[in-house]
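Numbering (our numbering), first residue to last: -12 to 98.
Glycine is no exception: its CB is placed at the ideal position from the N, C-alpha and C atoms.
Below you'll find the structure, written out as structure tokens, and then a few comments.
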Amino acid sequence: MKTFQDLLTDHQDRTSAIIAKYISRYNELENPSIYSWNVFLLENAKDVITELAQSGTDICHEAILTNVKMDRDEFNSIRGVNLGAASRYQEELRNLYETIVRLDRSKEDCL
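Written out as structure tokens, the structure is:
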């Protein structure tokens, strides 16, 4: 029988996989640029938010189906995982942006 902690761990794993999926999509671009970064953000923002929220919803549904009782602290834990995942995604995007800016500057220096 699953416990709430099992469900929360599953949620953490899923949110990490979601972030990795979108960051790897960007890293697969051949010539990353500020333009491609902006397009990437615009095209994927809604999907990332939706997938993270859906993962939290899935945990709640699974808890209901498996008779795992949840109180306010557990709901807050799920929210905390989502907020943590969003923060990690933001940090990953910031790192990508800084890398692109560095690459653009080094290209300009070579000219």
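Check: Could you check where the alpha helix (DSSP H) with Asn31 kicks off and where it finishes?; Outcome: 21 to 52
Check: Return the CA-CA distance between Tyr22 and Glu78, expressed in angstroms with no decimal places.; Outcome: 19 Å
Check: Cα separation between Val55 and Ala32?; Outcome: 32 Å
Check: Just confirm the distance between the C-beta atoms of Arg81 and Ile6, as a whole number of angstroms; I'd bet it's less than 8 Å.; Outcome: No, Arg81 and Ile6 are not in contact; Cβ-Cβ is about 13 Å, not under 8 Å.
Check: In chain order, what residues of the same chain have a beta carbon less than 8 Å from the beta carbon of Thr(-10), not counting five sequence neighbours either side?; Outcome: Val55
Check: Can you tell which of Ser42, Asp(-3), Pro19 has the C-alpha that lies nearest to the C-alpha of Leu90?; Outcome: Pro19
Check: Quick one: is Ile46 buried, meaning 16 or more other Cβ sit within 10 Å of its Cβ, or exposed?; Outcome: buried
Check: For the pair the stretch 23 to 30 and the stretch 61 to 70, tell me if three or more CB-CB distances fall below 8 Å.; Outcome: no
Check: Hey, could you find the ends of the alpha helix (DSSP H) Asp60 is sitting in?; Outcome: 59 to 97
Check: In three-state terms, what does DSSP make of Leu16?; Outcome: coil
Check: Write down the C-beta distance between His(-2) and Gly43 rounded to the nearest angstrom, noting that I regard them as a contact closer than 8 Å.; Outcome: 6 Å
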